[in-house]
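For what it's worth, the numbering used here labels the leading residue of the sequence shown as 744, then goes sequentially.
No residue lacks a Cβ here, since even glycine has one placed at the ideal position from N, Cα and C.
If you're wondering where the values come from, they're calculated on a predicted model, not measured in any experiment.
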Amino acid sequence: MTAPVQVRLCPGGPLLVRGATEIIDEGGNAVPVTRPVVAICRCAGSSRSPWCDGTHKVLRTRRPRTPDEPAP
Ligand code: FES
């Protein structure tokens with residue numbers, strides 16, 4: 744029996760996905776997952792889409808924070 748896939752939403756950041764074997768990107772393409780945990784971009788700013796490359800931290804400083812986001 745395999746462990747269930749776990750998804751955690753990081754406030755102001757990516758989705759952390761544990762246990763997935765592939766991610767379907769916004770173009771419908773299956774992207775293989777080779778690591779136990781991967782970070783999926785939610786800000787649409789990553790140059791390594793669908794993976795988070797940390798760009799959300801730069802974008803966060805350019806707009807007002809939501810109440811659930813940590814300070815940069
Ligand atoms: S969420 Fe990290 S680069 Fe988009």
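Notebook entry, point to check: By the 10 Å Cβ neighbour count, where 16 or more other Cβ atoms means buried, how is Ile783 classified, buried or exposed?
Noted result: As a first step, residue 783 must be located in the sequence shown, where it is residue number 40. It counts as buried.
Notebook entry, point to check: How big is the Cα-Cα spacing for Pro793 and Asp768?
Noted result: In the sequence shown, residue 793 corresponds to position 50, counting from 1. In the sequence shown, residue 768 corresponds to position 25, counting from 1. Each residue's Cα considered, the two are about 6 Å apart.
Checklist line | Counterpart residues of Arg751 in DSSP-defined beta bridges | finding: Indexing the sequence shown from 1 puts residue 751 at position 8. DSSP, once it has assigned bridges, lists Leu759 as partnering Arg751.
Item checked: Val801 (DSSP reduced to helix, strand or coil) -> Taking the first residue of the sequence shown as 1, we reach residue 801 at position 58. Helix at Val801.
Next item on the list: Within 10 angstroms of the Cβ of Pro757, are there 16 or more other Cβ atoms? Answer buried if so, exposed if not.
Entry: Sequence index remark: in the sequence shown, residue 757 carries index 14 (1-based). Result: buried.
Item checked: For Leu780, the first and last residue of its enclosing beta strand (DSSP E) -> Stepping through the sequence shown from its first residue, residue 780 is reached at position 37. Reading the sequence as shown, one finds Val at residue 780 and not Leu. 780-783 is the span of the beta strand (DSSP E), which, as asked, contains Val780.
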